[in-house]
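> Here's a structure for you.
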Amino acid sequence: LQTATQTGARGIVISASDAQLDETLRLLKVLRSIKNNFPIEIVHKGDLSKDSIGSLVKYARNQDALEYPAQEIWFLNVHSVLSPGYSEKFEAYSNKWLALIFSSFDIPILLDSDTVPFVSIEKLYKLEEFQRTGVLFFKDRIISDDLFELSQVDVLKEVIYGCVGLNLTDESNINHIKDPMVAQALENMLVKKYKHHLESGLVILDKKRHLFSVLTSLALQFSPIAEYFHGDKEWFWLGALLSGNPFTFYPVGASNIGKLGSVISKETTGEFYQICSVQLSHTDKDGSLLWLNG
1 LQTATQTGAR GIVISASDAQ LDETLRLLKV LRSIKNNFPI EIVHKGDLSK
51 DSIGSLVKYA RNQDALEYPA QEIWFLNVHS VLSPGYSEKF EAYSNKWLAL
101 IFSSFDIPIL LDSDTVPFVS IEKLYKLEEF QRTGVLFFKD RIISDDLFEL
151 SQVDVLKEVI YGCVGLNLTD ESNINHIKDP MVAQALENML VKKYKHHLES
201 GLVILDKKRH LFSVLTSLAL QFSPIAEYFH GDKEWFWLGA LLSGNPFTFY
251 PVGASNIGKL GSVISKETTG EFYQICSVQL SHTDKDGSLL WLNG
């Protein structure tokens, strides 16, 4: 990995197969529209056909609209570096670990193919929380009707204690955690029993500082407690926690975006406005959009 990684290199990494071709083409369109000047690396394990690669290259590099710069795009097939019989174990979300680990960038920004950034990639790299810790995660929405069982919470407390010696059977110890965002996530998980904490559609990570965290996350993805969570997303922050590396969440909670509608309620006087949408979005501290999941 050290010989394949470009020291100090920054860029966008995307996990994609033929199934994500249309989404990835749309993402390239977005990246051109925000005038991205970082290289893009698309990682696959032999499930991205030559025709799909040709379509992506053609769209990324065409010069039809000069106001939207052509994109530098690379492809990395990691099938040959996986032991026989293991390639098929990486399905759906878990392919993102391959993209992050084998990416040639030292400091990649991992994007889902349906992510829509509204700001420059450079601005994301400059966020104070990333500069301070070398990694940045964004919060998921609070879902209060999908909760852990008490026995699952007890197992998670044992795992945390066994890995980093943090005794959370006494829940007041959460108050001693320095980073308030990490403390909040642990309280939500272990006290309120929430399952959803992190949205992994956009992750920024310095592999020099956090490669062991990523490998820990990968191990957790295939561990007996994998069934506790949905997909890959929670393993990002739990891998960092269990490996003892500093990390944080962006301090602004997730939000919804959609058409603003006027509603007249029978229960209250007058009308009010609401957004009826499940479209997940992430905003800056001033309320402006940073990115959303398409």
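Numbering (UniProt numbering), first residue to last: 1 to 294. Idealized CB from N, CA, C, for every residue including glycine.
For residue 300, report the span of its alpha helix (DSSP H) as first-last.
Only positions 1 to 294 of the chain appear in this structure, which leaves residue 300 out of reach.
> By the three-class DSSP mapping on this structure, what secondary structure does S87 have?
Three-state result, S87: helix.
> So does the stretch 56-68 actually touch the stretch 79-97, counting three or more Cβ pairs closer than 8 Å?
As far as the Cβ criterion goes, the stretch 56-68 does not touch the stretch 79-97, which means the pair count is below three.
> Residues in its own chain within less than 6 Å of R209 by CB, not counting five upstream and five downstream?
For R209, where only same-chain residues beyond five positions count, the Cβ hits under 6 Å are G134.
> Using C-beta distances below 7 Å, list every residue in its chain close to residue 336, excluding the 5 sequence neighbours before and after it, in chain order.
One cannot answer for residue 336 here, as it falls past the ends of the chain, which runs 1 to 294.
> Identify whether T133 lies in helix, strand or coil by the three-state DSSP scheme.
Residue state, collapsed to three classes: helix.
> Using 8 Å as the Cβ pair cut-off and three pairs as the minimum, do the stretch 253-261 and the stretch 234-244 touch?
As far as the Cβ criterion goes, the stretch 253-261 does not touch the stretch 234-244, which means the pair count is below three.
> Do E41 and S103 have their CB atoms nearer than 7 Å?
Yes, they are a contact pair.
> Can you say whether S200 is buried or exposed, counting buried as having 16 or more other CB atoms within 10 angstroms of its CB?
Buried, since its Cβ has 16 or more Cβ neighbours within 10 Å.
> Between the alpha carbons of Y93 and Q221, how many angstroms are there, rounded?
Going by the C-alpha atoms only, they are around 10 Å apart.
> Using the Cα positions of E23 and T115, report the straight-line distance between them to the nearest angstrom.
C-alpha separation (whole angstroms): 9 Å.
> Using beta-carbon positions only, say whether F118 and L289 come within less than 7 Å of one another.
Their beta carbons are under 7 Å apart, which means F118 touches L289 by this criterion.
> Would a C-beta distance cut-off of 7 Å place T283 and D179 closer than the cut-off?
Cβ distance not < 7 Å, so T283 and D179 don't count as in contact.
> I'd like to check one pair, S255 with S281: are the Cβ atoms closer than 7 Å?
Yes. Within cutoff.
> Taking DSSP as the reference, what is the three-state secondary structure of P180?
Three-state result, P180: helix.
> Figure out for me which residue from A70, Q71, S52, G46 has the closest Cα to the Cα of L82.
Nearest C-alpha to L82: G46.
> As a quick exercise: from S15, Y273, V214, pick the residue whose alpha carbon is nearest that of G244.
It is V214 whose Cα lies nearest to the Cα of G244.
> Select from P246, I143, V78 the residue whose C-alpha is nearest the C-alpha of residue 337.
Lying outside 1 to 294, the shown extent of the chain, residue 337 is not represented and no answer is given.
> For H176, is the classification buried or exposed, using 16 other Cβ atoms within 10 angstroms of its Cβ as the cut-off for buried?
Exposed.
> Do L190 and V155 have their C-beta atoms closer together than 7 Å?
Not a contact, by the Cβ cut-off of 7 Å.
> Within 10 angstroms of its Cβ, does V13 collect 16 or more other Cβ (buried), or is it exposed?
Buried, by the Cβ-count rule.
> Mind reading off the beta-carbon distance from L100 to L110? Whole number of angstroms is fine, and I expect it under 8 Å.
With 8 Å as the limit, L100 and L110 qualify as a contact, their Cβ atoms being about 5 Å apart.
> If you follow the alpha helix (DSSP H) that N95 is part of, which residue opens it and which one closes it?
That run of the alpha helix (DSSP H) goes 95-102.
> Can you grab the Cα-Cα spacing for the pair G231 / H196, in whole Å?
Whole-angstrom Cα-Cα distance: 11 Å.
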